[in-house]
Every structure is written in structure tokens, then in C-alpha cells.
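The structure appears right after this line, and notes come after that.
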Amino acid sequence: MRETFVDTVTTALDHDPRIAVVTADISRDAFTPARARHPHRVLNVGIREQAMVGVAGGLALTGLRPVVHSYTPFLVERPFEQIKLDLGHQDVGAVLVSIGASYDDPVWGRTHQAPGDVALLDTLPGWTVHVPGHPEEVAALLPGALAGEGRVYLRLSTRQNATAHPATGRFTLVREGSRGTVVAVGPTLDNVLAATEGQDVTVLYASTIRPFDHRGLRAAGHTDVVLVEPYLAGTSAHEVAIAFDDVAHRLRAIGVRRDREVRAYGTAEDHDVVHGLDVPGIARTVREFLR
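Just so we're aligned: 100 in UniProt numbering is position 100 of the sequence shown, and the numbers increase by one with no gaps anywhere.
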């Protein structure tokens, strides 16, 4: 996904004079050829993440379309005040593109993990949030984000589904059933499909989670919902409540656990097991919830 991101933005730099890239050492070298051609629009600020977002706000005020890129915690958590003020309060747009997701690279430890990123951006109005599950979805989602003027967060992962799905901004119906709806966000889809094999449930897929497709969820026809997100459990629970604000419904949220601090390194798959995001964990939760 990161390679697709770099290639897409590099092409945009060559064709759109509004595009500017701001990094804080992470992926700096990936933009070396683009920097040689566009030295005034490809900027690296060093390990100064707050300055990175502040610079992006300044570029946006001049009419440029900044693309800001780093590991998730260095892009969303550390410079959150600058996101809130330099982008949001000044009402300017930017495209924030993260890597590392919740725990893609656990070898680096907790410093490189940020499962609360989408929940944190939810405290601010006006953000579009894309969580692609395949590089082809990155290629489909990113050009629209670059061409726009709003505030967009693109959450990249090193993990991906086997198949890309249309990046329409709406939920995609992947499987139809009668007992309930399972919403799979981004790279959780393959595990959800394996976990629900043989279970009579509808599976919806989302590569765009903000704005939330309330109409698509209701159209699935079930008021029992399992929400599977690759970040903090229950991040979109309030959106499900909005979708069903006039009818009784039940929700079970699966995601990164809120009740414990995972101190082991291990692999991303080990972390899936801890959080119940592995195939057996999802299968068990869906089965127990809908029995």
C-alpha cells in the first residue's frame, strides 16, 4: 500500500502544481526523485512531527494541497494539537497518510502503535477517513483525496485482503445472510469471511468509514450488528447507533481491546489473537452474539 501511495502522489506532483508533500524523515527517501524535480513542494522537516503538521497548515493557507505522511502515532497522536488548530480551526484541508496502523510492526514496540487514531480524529468535525484493505483501493481512493479540498485521513497497512473491492465510499455487500450483519473494515475482511464461513450472516465491507454509510447498514435489513474494525474496539459504535436511532438494535464491537495494555512484541498475528481479531476469535464472537 505504501508503494502505491508513493507512486500515486509522485505522479500527482508532476501534474498538479497544488500538491505538496511534507515528511518527518519517515519515507523521506521514497520521495527523493520527486524532491529532485519539485524541491519547493517536497519538504522534509526532520523528526519534528508537530512542525510537520504546522507546515502543512501553512502550505494549505497559501492554496497548496499538502500530503502529510508518517507512522500512525507520529502523524495523529503526537501532533494532534496541530491537527486540531492548524488544520481544523483554520479550516484548511490536507491529506494525512499513515503507515503502521494499529500494530503492523510490533517489533518496534508501543511507540509505533496507535489503535486510537480514528477515535481521536472522531473528536474533530469534517474528516473523511479511508481504511483501504488492498493496494488497488489505495489507488482508487487517493486521487479523489488529492483533488479535493477537505481534510482526509488515509490509513495504510502492511496487511491486505486477497481481493480489492470497489472504493465507492459506500459499504459493499460481500455476502448475504439472514441472522445479522457483520461490518468488516479495511484489512479485516479476509478474516471476517473465513470466520463467518457457514454462518448465516450478511457481510458488509467498508474501505471508507467516515462518513459512515448509515443507509447502507440499514439496507442490509438486520438490527443485530457485529462491527469489526482494525483499531480501537467500538470506534464506530456511535455511528451504528445513529443508523438505528429510531429502532431497537444490538451491537457487538470487535477491535483492539480497551481493557489491557499489550506489552509483548510478537507478531501482528499474535496481537490479533490477543484482541480477538484472528479467525477463531471473530468466529467465536459472531457465533455467541447471534446464537
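Note that beta-carbon positions come from the ideal geometry of N, C-alpha and C, so glycine has one too. Computed from a prediction, not measured in an experiment: that's the story for all the values here.
| query | result |
| --- | --- |
| In DSSP terms, what isoleucine 99 is bridged to | Tyr71 |
| Unbroken beta strand (DSSP E) run spanning leucine 251, endpoints | 250-256 |
| For valine 262, the nearest candidate out of Ser236, Ser102, Asn44 (CA to CA) | Ser102 |
| For arginine 155, the residue or residues it bridges with in DSSP | Ser98 |
| Simplified DSSP assignment, three categories, for glutamate 288 | helix |
| Cβ pair count under 8 angstroms reaching 3, the segment 55-69 against the segment 105-125 | no |
| Outcome for aspartate 14 when other beta-carbon atoms lying within 10 angstroms are tallied against a minimum of 16 | exposed |
| Within 8 angstroms, strictly: CB atoms of residue 292 and histidine 112 | Outside the shown range of the chain, which is 1 to 291, sits residue 292, and nothing can be said about it. |
| Close Cβ partners of histidine 249 (< 6 angstroms) along its chain, the five nearest in sequence each way excluded | Thr223 |
| Same chain only: Cβ atoms within 8 angstroms of arginine 48, ignoring 5 sequence neighbours per side | Ala24 |
| Rounded straight-line distance, which links the Cα of alanine 233 to that of alanine 241 | 15 angstroms |
| Residue 297 versus proline 17 - alpha carbon distance | Past the edges of the chain, shown from 1 to 291, lies residue 297, and the structure says nothing about it. |
| DSSP three-state assignment for histidine 165, whether helix, strand or coil | coil |
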